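All remarks here apply to the structure that follows.
Number of protein chains: 2
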Amino acid sequence: MIEGVTERTRRTGSETKAQAQRIAFELFTAQGIKATSLRQIAERLGISKASLYYHFASKDEIVRSLFSVRGDEAAELLDWARTEKPAPDLLERAVLRWVDSTSVDKLRGIRFVNANPAMVRGMDAGSAEIRDGLERLAQFLAGDDADPTRLLLVRMALLSINSAVMAAEGTSLSDVEIVAVAREAALAFVGVLRGSSV
Amino acid sequence: MIEGVTERTRRTGSETKAQAQRIAFELFTAQGIKATSLRQIAERLGISKASLYYHFASKDEIVRSLFSVRGDEAAELLDWARTEKPAPDLLERAVLRWVDSTSVDKLRGIRFVNANPAMVRGMDAGSAEIRDGLERLAQFLAGDDADPTRLLLVRMALLSINSAVMAAEGTSLSDVEIVAVAREAALAFVGVLRGSSV
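Structural data, given as structure tokens:
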């Protein structure tokens, strides 16, 4: 009881929500979604299950919140790119904006998605948000009437952080190092897109 | 009975084995491993379950065979790279050798691994073969005392085909187009590795 009160005074609601997501994705990735209970997440968070329930009524809702946040980010980046003057370096600036916005939270989400593709694909409503958001962004950056292979290269540039996380599995590289390499990879893709007629 | 005989005269044992793998990975990827039975694989292949059993006693064995083949390929490429004279373009030639050897079969395996990472990670004995093979290859190509971030870029170059498959999910790109883009991506990584001090 006393602990609950302490928690409430120490953390604001949105902080608790963000931290619940963090702990949930760590547990989902490490031990699988099925083996993780809302009770376990609440315990790790030091709050009651009822308090957690206030933010997330189910594990599904936690996963959906991830896609929703990332989908919004992709939509915001597209809005930004649309208001910029069309220029040869817009692709590079947009791609770097996407990669540089990679936080530890985002990496946690990517690791979760890499570890649970079947679940992610099964959640059509949720995962469609980020997929469609990224797709619209890629299409805008690739340009009208872009060749499908050019579009794939733009997608790969945006997903370079996902590729870096995948390639870094099993290594002891830090998140900062992984993002730095992803940035170089993204720039390399931009270079190919600029130089080639693909 | 007659069908069985026809099969036996039409296909050699190794052809049947290869085709069983193909059908198995298609079914595993499309409907999941659990939902796929050896009986279903045999039926699609037009042979009896006993005939299939001669090649593969379990679904696990089919999955292991994939890693074993790819692990051998990585080991062969490393052997080749070791006998080549050290030259500035060895990295590029080795990476392109790996990407260019991408067959439809290999893409099927990559799609399966992308769709079932948990199972693949759980099969330590099997998946270690390809992981270790690729790791040794990457380490040799990165050079002695390579920085971990340089090593990650070499891994990304080798895995560019996996990244391309991941990015192409949901598109209507053909396998040939995906491999072509992966080749460009691999070359871009090699360019970064050559140009930078990473």
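Protein chains in written order, with the numbering used here: chain A, -18 to 179; chain B, -18 to 179.
Virtual Cβ for every residue (Gly too), placed ideally from N, Cα, C.
All of these numbers come straight from a predicted model, not from anything done at the bench.
Residue from the options whose Cα sits closest to the Cα of residue i
i, options, result
"R112(A)", "T(-7)(A), R45(A), A16(A)", "R45(A)"
"W61(B)", "V50(B), L47(B), W79(B)", "W79(B)"
"E158(B)", "G172(A), A75(A), D128(A), L47(A)", "D128(A)"
"A(-1)(A)", "D156(A), G90(A), L122(A)", "G90(A)"
"L33(B)", "R3(B), L59(B), Q12(B)", "R3(B)"
"T(-3)(B)", "S155(B), R63(B), I43(B), S18(B)", "I43(B)"
"A148(B)", "L133(A), V162(A), A167(A), A31(A)", "L133(A)"
"E54(B)", "G(-6)(B), S82(B), R74(B)", "S82(B)"
"A167(B)", "L118(B), E73(B), F121(B)", "E73(B)"
"F48(A)", "A109(A), A5(A), A68(A)", "A109(A)"
"A138(B)", "E150(B), D126(B), L26(B), E116(B)", "E116(B)"
"V201(A)", "D41(A), R92(A), F93(A), S141(A)", "The structure shown does not extend to residue 201(A), since chain A is modelled only from -18 to 179, so the question has no answer here."
"G124(B)", "A169(B), D70(B), L26(B), S144(B)", "D70(B)"
"L26(B)", "G(-6)(B), N97(B), Q12(B)", "G(-6)(B)"
"G151(A)", "G114(A), R92(A), G176(A), R131(A)", "R92(A)"
"G13(B)", "R175(B), N95(B), L174(B)", "N95(B)"
"S39(A)", "T17(A), V146(A), F170(A), S153(A)", "T17(A)"
"L88(B)", "F170(B), R51(B), G172(B)", "R51(B)"
"Y35(B)", "R63(B), V146(B), A1(B)", "A1(B)"
"V171(B)", "V146(B), R131(B), P98(B), S153(B)", "R131(B)"
"F121(B)", "A75(B), S155(B), L154(B), D156(B)", "A75(B)"
"A169(A)", "L59(A), A5(A), L77(A)", "L77(A)"
"L59(B)", "G114(B), S153(B), D126(B)", "G114(B)"
"L8(A)", "A56(A), E57(A), N97(A)", "N97(A)"
"F37(A)", "A5(A), D156(A), A56(A)", "A5(A)"
Classification of residue i by the beta-carbon crowding that lies within 10 angstroms, buried from 16 upward
i, result
"K15(A)", "exposed"
"I28(A)", "buried"
"V85(A)", "exposed"
"G(-15)(B)", "A caution first: G(-15)(B) carries a pLDDT of 47, below 50, which makes its placement in the model unreliable, though a value can still be read off. Answer is exposed; the Cβ neighbour count stays below 16."
"T10(B)", "buried"
"E65(A)", "exposed"
"R136(A)", "buried"
"A119(A)", "buried"
"A163(B)", "buried"
"R20(A)", "exposed"
"R144(A)", "Arg is not the amino acid found at residue 144(A); the sequence shown has Ser there. Flag for S144(A) reads buried."
"A248(A)", "One cannot answer for residue 248(A) here, as it falls past the ends of chain A, which runs -18 to 179."
"G176(B)", "exposed"
"A23(A)", "buried"
"R63(B)", "exposed"
"A68(B)", "exposed"
"E165(B)", "buried"
Boundaries (first-last residue) of the alpha helix (DSSP H) holding residue i
i, result
"I159(B)", "156 to 176"
"P67(B)", "Unbroken run through P67(B): none, as it is neither H nor E."
"F37(A)", "Run containing F37(A): none; DSSP gives neither H nor E here."
"T130(B)", "129 to 139"
"E150(B)", "Run containing E150(B): none; DSSP gives neither H nor E here."
"I238(A)", "Because chain A here runs from -18 to 179, residue 238(A) falls outside it and cannot be looked at."
"D86(A)", "85 to 96"
Proximal residues of chain C, C-beta to C-beta of residue i below 8 Å
i, result
"V173(B)", "Absent from the structure: chain C. Protein chains present are A and B."
Proximity test, residue i beta-carbon vs the ligand NAP heavy atom, cut-off 7 Å
i, result
"F170(B)", "Among the components of this structure there are no ligands whatsoever, and the ligand NAP is therefore not found."
Legend entry - Contact set between the stretch 44 to 78 of chain A and chain B, restricted to residues whose Cβ is under 8 Å from the partner: Cβ contacts with chain B come from no residue of the stretch 44 to 78 of chain A.
Inset, instruction - Give the residues from the stretch 127 to 141 of chain A that approach chain B closer than 7 Å (Cβ to any Cβ), ordered along the chain. - result: P129, T130, L133, L134, R136, M137, L140
Inset, instruction - Check distances from the C-beta atoms of the stretch 156 to 169 of chain B to those of chain A and list, in chain order, the residues that come in under 8 Å. - result: E158, I159, A161, V162, E165, A166, L168, A169
Legend entry - Interfacial residues, the stretch 9 to 26 of chain B to chain A, with Cβ spacing under 8 Å: Correct list: G13.
Legend entry - Where the stretch 142 to 156 of chain B meets chain A: residues whose CB sits under 8 Å from a CB there: N143, S144, A145, M147, A148, A149, G151, T152, S153, L154
Legend entry - Positions along the stretch 86 to 99 of chain B whose CB lies within less than 7 Å of some CB in chain A: N95, A96, P98, A99
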